[in-house]
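S.K.: There's a structure below that I have some questions on.
Protein chains in written order, with this note's numbering: chain A, 33 to 169; chain B, -15 to 240.
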């Protein structure tokens, strides 16, 4: 069997051609009885229909979670999920949290110092001491 | 300063761009704004009456982010969920403002001589400036701006119009200090908003036993560079560039 080189597969770079929103699903959990869910229940009644209509690319699930605090969970295309507890929050605050989950990338939060991440080869090549003309000091 | 110097929404989506899902939802929103204001140059069919009735409910609209209706794009009423592919699908009053220039672009003949070498050598890099900070990027790069950009949504395409250096492997086009924005195209897509982990800082005063802990958590806008393109000599001439002699605003250098 002949030796085969490792084939390079094009890495997915979301947004270069097509763009898919990283947040693919959002779960809204609430409790009918508990007072910490009061804002969540009113958010689900008033604001969630327009939020879902404005974001047709996100699957929205609403389910009760009795005797527990209300939670919003976002599921992302990289397989991770983010959960935010929204106990005792007002509907406007919950809307902000839902927007945060919508815009997030799903990655774990990291402190990065370099603004640019690139997987391209260096455009100008790597410097070599053995090539080019002799520089005088 | 921000609008003047740095960024401008892309004037047109290129044809080969695959429709984004975010523009999809903005397309649905836009039918409401265009019908409710009724200033659209091309009036919608009577089908648009039903979304108007739905969206004008004030309880629904108060939670809408303020950005979306202004930057939304309209679609024909027969296909309410199609994505705008080109600028012709977007009504004129919603298209971003084209920059106005007093004078045509002036290039020297010496630069025009060398320019085909730069445009022909693929893989360009660009040093784009955003808020006076330089970012050396190539097409496909991921750029995390050190601030949260206002009035953008994930999926938006913006155009970086201030650059100091554009180059390929052997050629470099340098601006003095910036290259005229009519000589290149650099588009970036807003991918989303990222944030850093919570930062704790302990504040102390001398001879006081009290220690105050402050928290901060910054948010950053993330961009994906879609393309870096230097306009060819023919495109420059076609767009009305004037060939002059003498000192130029930009110089093209060859790697020694």
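In this text, a Cβ means the ideal position worked out from N, Cα and C, and glycines have one as well.
Could you list which residues in chain A have their beta carbon closer than 8 Å to that of residue 146/B, in chain order?
M.R.: Those do not exist, as residue 146/B stays about 16 Å from chain A at its closest Cβ, beyond 8 Å.
S.K.: For residue 150/A, go through chain B and note every residue whose CB falls closer than 7 Å to its CB, in chain order.
M.R.: The contacting residues are 122 and 125.
S.K.: Under 8 Å between the Cβ atoms of residue 58/A and residue 92/A?
M.R.: Yes; because the gap between Cβ atoms is below 8 Å, this pair is in contact.
S.K.: Where in the region 67 to 125 of chain B do unbroken runs of the alpha helix (DSSP H), each at least 4 residues long, occur, reported from the N-terminal end onward?
M.R.: DSSP runs (the alpha helix (DSSP H)) wholly in the region 67 to 125 of chain B: 93 to 104.
S.K.: So residue 148/B is in the beta strand (DSSP E); what residue range does that whole segment cover?
M.R.: Note, residue 148/B: beta strand (DSSP E), 147 to 151.
S.K.: Using a beta-carbon distance cut-off of less than 7 Å, what residues from the region 167 to 194 of chain B approach chain A?
M.R.: Correct list: 173, 175, 176, 177, 178, 179, 180 and 181.
S.K.: In this structure, does DSSP put residue 172/B in helix, strand or coil?
M.R.: DSSP places residue 172/B in strand when its eight states are reduced to three.
S.K.: Apart from the five residues on each side of it in sequence, which residues of its chain come closer than 7 Å, Cβ to Cβ, to residue 202/B?
M.R.: Cβ neighbours of residue 202/B beyond the five flanking positions: 179 and 180.
S.K.: On the DSSP bridge assignment, give the partners of residue 113/A in chain order.
M.R.: In the DSSP output, where bridge partners are listed per residue, residue 113/A has 107/A.
S.K.: Pairing CB atoms from the region 134 to 142 of chain B with CB atoms from the region 109 to 122 of chain B, are three or more of them under 8 Å?
M.R.: Flag = no, the region 134 to 142 of chain B and the region 109 to 122 of chain B do not touch.
S.K.: Compute the distance between the beta-carbons of residue 115/A and residue 105/A, then report whether it is under 8 Å.
M.R.: Result yes, Cβ atoms of residue 115/A and residue 105/A sit closer than 8 Å.
S.K.: Quick one: using the 10 Å Cβ neighbour count with 16 as the cut-off for buried, is residue 163/A buried or exposed?
M.R.: The residue in question, residue 163/A, is exposed, as its Cβ has fewer than 16 Cβ neighbours within 10 Å.
S.K.: Who are the Cβ neighbours of residue 164/B in its own chain at under 8 Å, not counting the five residues just before and after it?
M.R.: Correct list, in chain order: 89, 233 and 234.
S.K.: Jot down the residue ranges of each uninterrupted beta strand (DSSP E) in the region 149 to 219 of chain B, minimum 3 residues, whole runs only, in chain order.
M.R.: As far as the region 149 to 219 of chain B is concerned, its whole beta strand (DSSP E) runs of at least 3 residues are 155 to 163, 168 to 179, 183 to 188, 195 to 200 and 203 to 214.
S.K.: Of all the CB atoms in chain B, is at least one closer than 8 Å to the CB of residue 144/A?
M.R.: Yes, residue 144/A counts as interfacial toward chain B.
S.K.: Quick check on the DSSP output: the alpha helix (DSSP H) that includes residue 126/A runs from which residue to which?
M.R.: Note, residue 126/A: alpha helix (DSSP H), 123 to 135.
S.K.: Look at the alpha carbon of residue 193/B and the alpha carbon of residue 186/B, and state the distance between them as a whole number of angstroms.
M.R.: C-alpha separation (whole angstroms): 12 Å.
S.K.: Cα separation between residue 127/A and residue 51/A?
M.R.: Cα-Cα distance, rounded: 24 Å.
S.K.: Let me know if residue 131/B comes out buried or exposed under the rule of 16 or more other beta-carbons within 10 Å of its beta-carbon.
M.R.: So residue 131/B ends up on the exposed side.
S.K.: In the DSSP assignment, find the unbroken beta strand (DSSP E) run with residue 96/A in it and report its ends.
M.R.: Residue 96/A -> beta strand (DSSP E) spans 91 to 96.
S.K.: Tell me, which residues are paired with residue 237/B by DSSP?
M.R.: Answer is 156/B, bridged to residue 237/B.
S.K.: Where does residue 51/A sit, in a helix, a strand or coil, going by DSSP?
M.R.: In the structure shown, residue 51/A sits in coil (DSSP, three-state: anything other than H, G, I, E or B).
S.K.: Below 7 Å CB to CB, which residues in the same chain sit around residue 0/B once its five sequence neighbours on both sides are set aside?
M.R.: A caution first: residue 0/B carries a pLDDT of 41, below 50, which makes its placement in the model unreliable, though a value can still be read off. Once the five neighbours on either side are set aside, residue 0/B has no close Cβ partner at all.
S.K.: Residue 130/B touches chain A at which residues, Cβ-Cβ below 9 Å?
M.R.: Chain A residues near residue 130/B: 147.
S.K.: Could you confirm whether any beta carbon from chain A is found closer than 8 Å to the beta carbon of residue 119/B?
M.R.: So, interface residue.
S.K.: Look at the Cβ atom of residue 173/B, then the Cβ atom of residue 138/A, and state whether they are nearer than 8 Å.
M.R.: The answer is no: Cβ separation not under 8 Å.
S.K.: Note down, in chain order, every chain B residue with its Cβ under 9 Å from the Cβ of residue 46/A.
M.R.: Those within 9 Å of residue 46/A in chain B are 173, 175 and 208.
S.K.: Using a Cβ-Cβ cut-off of 8 Å, state whether residue 152/B counts as contacting chain A.
M.R.: Taking Cβ atoms only, chain A reaches closer than 8 Å to residue 152/B, which makes this a yes.
S.K.: Run down chain B in chain order and give the residues with a C-beta less than 7 Å from the C-beta of residue 73/A.
M.R.: By Cβ distance, chain B contributes nothing, its closest Cβ being about 15 Å from residue 73/A, past 7 Å.
S.K.: When you compare only the Cα positions, how much space is there between residue 101/A and residue 68/A?
M.R.: Looking at the two C-alpha atoms, the distance is approximately 6 Å.
S.K.: Tell me whether the beta-carbon of residue 148/B lies closer than 8 Å to the beta-carbon of residue 113/B.
M.R.: Cβ distance < 8 Å, so residue 148/B and residue 113/B count as in contact.
S.K.: Considering just the uninterrupted stretch of the alpha helix (DSSP H) at residue 143/B, what are its terminal residues?
M.R.: Element bounds for residue 143/B: not the alpha helix (DSSP H) but the beta strand (DSSP E), 141 to 144.
S.K.: Give the C-beta separation of residue 155/A and residue 107/B to the nearest angstrom, bearing in mind that I take them to be a contact with Cβ-Cβ under 8 Å.
M.R.: About 5 Å; that satisfies the 8 Å criterion.
S.K.: Where does residue 60/A sit, in a helix, a strand or coil, going by DSSP?
M.R.: Three-state DSSP puts residue 60/A in a strand.
S.K.: Would you kindly work out how many angstroms separate the C-alpha atoms of residue 128/B and residue 147/A, rounded to a whole number?
M.R.: For residue 128/B and residue 147/A, the distance between alpha carbons rounds to 5 Å.
S.K.: Shorter than 8 Å from the beta carbon of residue 122/A to some beta carbon of chain B?
M.R.: By this cut-off, residue 122/A is not an interface position.
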